[in-house]
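Below: the structure, in structure tokens.
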Amino acid sequence: MSFEIAGHPVGPDAPLFVVAELGLNHGGSVERAIALVDAAAEAGASAVKLQTIVAEDLISPHAMAPVHVRERSLREFFATFELDEQAHHFVAERARERGLAFIATPFSLAAVEMLERVRVDAYKIASGDITYGALIERCAGTGRPLLISTGMSSLDEIGRALGTARFAGARHVALLHCVSSYPVPQGSENLRAIATLGSTFGTVTGLSDHGRDTSAVPVAVSLGAAVYERHLMLAGDDGVDGPVSSTPDELADVVTVAASAKAALGHGFKECLPAEAPNLLPSRRSLHATRSLRPGEIVRPSDVAALRPGNGLSLDAEERLIGSRLTRSIATGEPFEDHDVAEESLRRDVA
67 MSFEIAGHPV GPDAPLFVVA ELGLNHGGSV ERAIALVDAA AEAGASAVKL QTIVAEDLIS
127 PHAMAPVHVR ERSLREFFAT FELDEQAHHF VAERARERGL AFIATPFSLA AVEMLERVRV
187 DAYKIASGDI TYGALIERCA GTGRPLLIST GMSSLDEIGR ALGTARFAGA RHVALLHCVS
247 SYPVPQGSEN LRAIATLGST FGTVTGLSDH GRDTSAVPVA VSLGAAVYER HLMLAGDDGV
307 DGPVSSTPDE LADVVTVAAS AKAALGHGFK ECLPAEAPNL LPSRRSLHAT RSLRPGEIVR
367 PSDVAALRPG NGLSLDAEER LIGSRLTRSI ATGEPFEDHD VAEESLRRDV A
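Residues in the sequence shown are numbered from 67 upward in steps of one, following the working numbering.
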């Protein structure tokens with residue numbers, strides 16, 4: 067199930083694969099996009115991701131624009147965020163120089179061809195394109211790892227998209243839980259869906275986080291998320307994606323918190339851990355004498371108490387101890403030990 071993207075391990079046993087989504091926060095500027103790449107690297111991200119937009123291949127000329135961009139059509143609005151092939155090369159090269167994987171979300175088949183020339187490391191399918199079989203098939207057919215966002219989707223739709231990807235040759239797929247609301251209203255995060263995706267489809271899972279903050283990170287990790295995607299904006303910016311974005315310092319906190327959460331999950335087996343071992347005997351009880359006893363005395367129930375520490379005869383030996391003949395003197399409060407019981411008592415116990 068685990069795989070790699072540009073040398074970075076992706077899977078439940080690997081560090082959280084943190085994707086810094088550049089989204090629209092570069093404003094159509096390659097210089098700003100490169101600055102975001104540098105910020106992502108400094109924050110400790112694993113990858114950066116571009117949205118490869120060709121507005122005329124994505125938006126109908128008749129699509130209504132949001133109120134805040136009414137002076138332009140929606141197609142014109144998205145066109146201002148297009149980055150050409152050369153810009154993609156620059157961003158990809160800077161990502162590789164900084165040790166980051168370069169991922170992109172293509173919004174057209176032509177965009178996939180351009181990203182192949184750029185040598186993208188992995189593809190991401192946007193939530194809105196989970197029913198766009200031709201795009202999924204083309205991305206999967208490249209053989210590159212594939213991340214699929216699942217916002218607004220049913221399990222049936224996710225299953226069909228995954229089937230399309232696998233039939234087209236995708237070997238490495240991660241399904242990302244996503245709530246396609248910007249930002250997600252508190253109480254609508256539905257993070258348990260991360261575990262549902264894992265148990266239903268058996269893939270690597272993750273979270274594409276559109277929350278107001280990054281408080282979902284430790285919960286997502288505990289539910290099995292191996293991938294975490296978050297929009298990144300430069301400190302002091304008021305980017306288009308601002309309500310669902312984090313600053314570099316906030317993204318660095320994500321990396322730290324995720325590592326702590328991963329470590330806290332542990333291996334899942336119940337045993338006395340090395341960190342607990344020094345406290346085992348001091349915290350456990352063993353059998354202690356309530357009065358001074360002489361050699362040859364028969365131990366009575368009133369002579370025995372279960373007290374800390376547990377450095378003496380274990381509590382489950384009490385039945386054997388009661389009625390036995392002592393081989394040595396024992397002071398008040400002293401723990402009983404195995405050799406305190408006469409051999410004849412042991413033979414009686416076995417019989």
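Just so it is clear, CB atoms sit at the ideal spot from N, CA and C, and this is done for glycine as well. The structure displayed is predicted, hence computed values, not measured ones.
{"Query": "Close beta carbons around V283, own chain, < 6 Å, minus the five adjacent residues each side", "Result": "V320, V323 and A324"}
{"Query": "Cβ contact (3+ pairs, closer than 8 Å) linking the segment 247 to 260 and the segment 187 to 205", "Result": "no"}
{"Query": "Entirely enclosed alpha helix (DSSP H) segments - the segment 182 to 265, minimum 4 residues", "Result": "199 to 207 and 221 to 233"}
{"Query": "Run of the alpha helix (DSSP H) containing A105, from where it starts to where it stops", "Result": "V96 to A109"}
{"Query": "From L228, H92 and F83, residue whose alpha carbon lies closest to that of R144", "Result": "A small correction: the amino acid at residue 144 is Phe; Arg does not occupy that position in the sequence shown. Checked all of L228, H92 and F83; the closest Cα to F144 is H92."}
{"Query": "Euclidean distance between Cα positions of L346 and K328", "Result": "26 Å"}
{"Query": "Beta-carbon proximity list for R351, same chain, < 7 Å, skipping 5 on both sides", "Result": "A372, L373, R374, G376 and L381"}
{"Query": "Bridge partner(s) assigned by DSSP for T393", "Result": "Its beta-bridge partners do not exist; DSSP assigns none."}
{"Query": "Sub-7 Å separation of T269 and L242 beta-carbons", "Result": "no"}
{"Query": "Sheet register partners of S126 (DSSP bridge)", "Result": "Looking at the DSSP assignment, S126 forms no beta bridge with any residue, so it has no partner."}
{"Query": "In chain order, each alpha helix (DSSP H) run of at least 4 residues that lies wholly inside the segment 142 to 177", "Result": "151 to 163"}
{"Query": "Anticipated Cβ contact below 8 Å, V120 with A86, distance rounded", "Result": "Not quite, the Cβ-Cβ distance comes to about 23 Å (not below 8 Å), so this is no contact."}
{"Query": "Backbone secondary structure at D415 - three-state DSSP", "Result": "Residue confidence is low: D415 scores 46 on pLDDT, short of 50, so the model does not pin down where it sits. Its coordinate-derived value is still stated next. Correct three-state label for D415: helix."}
{"Query": "Three-state secondary structure (DSSP) of S288", "Result": "helix"}
{"Query": "Start and end residues, beta strand (DSSP E) containing E87", "Result": "F83 to E87"}
{"Query": "DSSP three-state assignment for A301, whether helix, strand or coil", "Result": "coil"}
{"Query": "Expected contact under 8 Å - CB spacing of G361 and S395 to nearest Å", "Result": "Per the sequence presented here, residue 361 reads as Pro, with Gly not at that position. 6 Å between Cβ atoms; contact."}
{"Query": "Cα-Cα separation between V16 and G209, rounded to whole angstroms", "Result": "Only positions 67 to 417 of the chain appear in this structure, which leaves residue 16 out of reach."}
{"Query": "For V157 and L116, believed in contact at Cβ under 8 Å, the rounded distance", "Result": "6 Å"}
{"Query": "Cβ pair E223, I191 closer than 7 Å", "Result": "no"}
{"Query": "Proximity winner among E384, R164 and F147, relative to V306 (alpha-carbon distances)", "Result": "F147"}
{"Query": "Classification of P9 by the beta-carbon crowding that lies within 10 angstroms, buried from 16 upward", "Result": "Since the first and last residues shown for the chain are 67 and 417, residue 9 lies out of range."}
{"Query": "Burial state of F173 (16 or more Cβ within 10 Å)", "Result": "buried"}
{"Query": "Distance, G332 Cα to H405 Cα", "Result": "39 Å"}
{"Query": "Reduced DSSP secondary structure (H/G/I, E/B, other) of R296", "Result": "strand"}
{"Query": "Buried versus exposed, by CB contacts within 10 Å (16 or more), E295", "Result": "buried"}
{"Query": "Distance, M180 Cα to E151 Cα", "Result": "7 Å"}
{"Query": "Cβ neighbour criterion (16 or more within 10 Å) applied to T230", "Result": "buried"}
{"Query": "Segment limits, beta strand (DSSP E) that includes P75", "Result": "H74 to V76"}
{"Query": "Residue from G199, A291 and L201 with nearest C-alpha to S265", "Result": "A291"}
{"Query": "Extent of the continuous beta strand (DSSP E) run through E384", "Result": "From DSSP, E384 is part of no beta strand (DSSP E) but of the alpha helix (DSSP H) over E384 to L387."}
{"Query": "G376 in three-state terms, based on DSSP", "Result": "coil"}
{"Query": "Short Cβ contact (7 Å threshold) for S112 with F83", "Result": "yes"}
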